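**Q** For what it's worth, this note's numbering labels the leading residue of the sequence shown as 26, then goes sequentially.
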Amino acid sequence: WSEALRDSSNLAETVQDEFFPITSVRFRELQKECQSILDPHQKAAIFFALNRASFSGTGLSGGCPKKMERFTPSSIDFLRTFQCQNLSVDLADFHQSLDLHQDEFAYLDPPYIGPQSGLYGQSGNCHDGFDHHGLAEILRDRDNWVLSYDDHSLVQDLYQGHLCVRPTWRYGMNSSKDSNELLIFSGDLNDWARCVASDRGEVIERI
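1) Between the segment 43–59 and the segment 121–133, do three or more beta carbon pairs fall short of 8 Å?
2) Applying the 10 Å Cβ sphere with the 16-neighbour rule, what's the burial state of residue 220?
3) Taking contact to mean at least 3 C-beta pairs separated by less than 8 Å, is the segment 90–102 in contact with the segment 119–130?
4) Please report how far the alpha carbon of residue 66 lies from the alpha carbon of residue 94, in whole angstroms.
5) Quick check: residue 96 and residue 45, are their CB atoms within less than 9 Å of each other?
6) Would you call the CB atoms of residue 108 and residue 27 closer than 9 Å?
7) Measuring straight from C-alpha to C-alpha, what distance separates residue 136 and residue 37?
8) Let's test the definition: count the other Cβ atoms within 10 Å of the Cβ of residue 60 and tell me whether it reaches 16, buried, or not, exposed.
9) Taking 9 Å as the threshold (C-beta atoms), are residue 229 and residue 188 in contact?
10) Going by DSSP in three states, residue 173 sits in which element: helix, strand or coil?
11) When the distance is taken between beta carbons, is residue 70 closer than 9 Å to residue 43?
12) Just grab the DSSP bridge partners of residue 209 for me.
13) By the DSSP assignment, the alpha helix (DSSP H) with residue 51 in it spans what residues?
14) By Cβ distance, which residues of its chain are closer than 8 Å to residue 227, with the 5 residues on each side in sequence left out?
15) Can you tell me where the beta strand (DSSP E) with residue 131 in it begins and where it stops?
16) Give the single residue among 40, 117, 111, 110 whose Cα lies nearest to the Cα of residue 99.
17) Run through the DSSP bridge pairs and tell me what residue 28 is partnered with.
18) Which of helix, strand or coil does DSSP assign to residue 105?
19) Among 63, 54, 174, whose alpha-carbon lies nearest the alpha-carbon of residue 75?
20) Taking its Cβ as the centre, do 16 or more other Cβ atoms sit within 10 Å of residue 201, making it buried, or is it exposed?
21) Along the chain, where does the alpha helix (DSSP H) that runs through residue 229 open and close?
22) Decide if residue 58 is buried, meaning its Cβ has at least 16 other Cβ atoms within 10 Å, or exposed.
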């Protein structure tokens, strides 16, 4: 995202010249190489290629479909013209980030807990050691947030009493698997949550 905001046109040229089209063999090679690349521009180009070529954008931990329907000339053209003046990108632990944005609405999508949750990072390592209890403790004293999680017993214990919706969507990757997720709302958003659920025909319940 940082490189796309800085110079999306140049980033798109690198993707097109060096990584498009991509074979399954080259895909696996780039998965292994990506984490060791130090140049931010080159790393961003590789990550874009992996993201678009992998199943549902899983990138470093996902597989490579035979038909790469997401990695197309049009996806590179979209990158080339990408602009978002109101977007800034930074990297921080959630303790720091939430503290810096105390009065802002927060949408949170932490690593899921269940055994099938290791989608992101190198072989799912972005999920290792996440402080689920610490996040819940911070959110107890904060308003104006929505949280997406897997429907896991620990999540139900940590957010007991909150309203939630079980969204009826299907995962990507041309999958027939239904969502097994929860959207959890801070207490001050209860009325809004009920409106959203009603508009979508979803069932809202209290954990």
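All C-beta atoms, glycine included, are put in the ideal place defined by N, C-alpha and C.
These numbers were taken from a predicted model, which means no experiment stands behind them.
**A** Concretely, from the data shown:
1) no
2) For the purposes of this step, residue 220 is taken as the residue at position 195 of the sequence shown. The residue is exposed, with fewer than 16 neighbouring Cβ atoms inside 10 Å.
3) no
4) Stepping through the sequence shown from its first residue, residue 66 is reached at position 41. Stepping through the sequence shown from its first residue, residue 94 is reached at position 69. About 24 Å.
5) To locate residue 96, count along the sequence shown from 1; it is residue 71. To locate residue 45, count along the sequence shown from 1; it is residue 20. It is a contact, given that the beta carbons lie within the stated cut-off.
6) In the sequence shown, the residue the question calls residue 108 occupies position 83. In the sequence shown, the residue the question calls residue 27 occupies position 2. No, they are not a contact pair.
7) Walking along the sequence shown from the start, residue 136 turns up at place 111. Walking along the sequence shown from the start, residue 37 turns up at place 12. Whole-angstrom Cα-Cα distance: 29 Å.
8) Position 35 of the sequence shown, counted from the start, is the residue given in the question as residue 60. Exposed, since its Cβ has fewer than 16 Cβ neighbours within 10 Å.
9) Taking the sequence shown and counting its residues from 1, one reaches residue 188 at position 163. Taking the sequence shown and counting its residues from 1, one reaches residue 229 at position 204. Closer than 9 Å, so yes.
10) The residue labelled residue 173 in the question sits at position 148 within the sequence shown. Taken through DSSP and simplified to helix, strand or coil, residue 173 comes out as strand.
11) The residue you call residue 43 lines up with position 18 of the sequence shown. The residue you call residue 70 lines up with position 45 of the sequence shown. It is a contact, given that the beta carbons lie within the stated cut-off.
12) In the sequence shown, counting from the first residue as 1, residue 209 sits at position 184. DSSP lists 172, 189 as partners of residue 209.
13) The sequence position of residue 51 within the sequence shown is 26, counting from 1. Where residue 51 is concerned, the enclosing alpha helix (DSSP H) stretches over 49–58.
14) The residue labelled residue 227 in the question sits at position 202 within the sequence shown. Cβ neighbours of residue 227 beyond the five flanking positions: 190, 191, 192, 193, 221.
15) Translated into the one-based positions of the sequence shown, residue 131 becomes position 106. Here the beta strand (DSSP E) through residue 131 covers 131–133.
16) For the purposes of this step, residue 99 is taken as the residue at position 74 of the sequence shown. The shortest Cα separation from residue 99 among 40, 117, 111, 110 belongs to 40.
17) One-based indexing of the sequence shown puts residue 28 at position 3. Answer is none; residue 28 lacks a bridge partner.
18) Looking up residue 105 in the sequence shown gives position 80. Residue state, collapsed to three classes: helix.
19) Locating residue 75 in the sequence shown gives position 50, where the first residue counts as 1. It is 54.
20) Here the question's residue 201 lines up with position 176 in the sequence shown. Because residue 201 carries a pLDDT of 49, less than 50, the predicted location of this residue cannot be relied on, and the following value inherits that uncertainty. Per the 10 Å Cβ criterion, exposed.
21) Position 204 of the sequence shown, counted from the first residue, corresponds to residue 229. It is not in any alpha helix (DSSP H) - residue 229 instead sits in the beta strand (DSSP E) that spans 229–231.
22) Taking the first residue of the sequence shown as position 1, residue 58 is located at position 33. Label assigned to residue 58: exposed.
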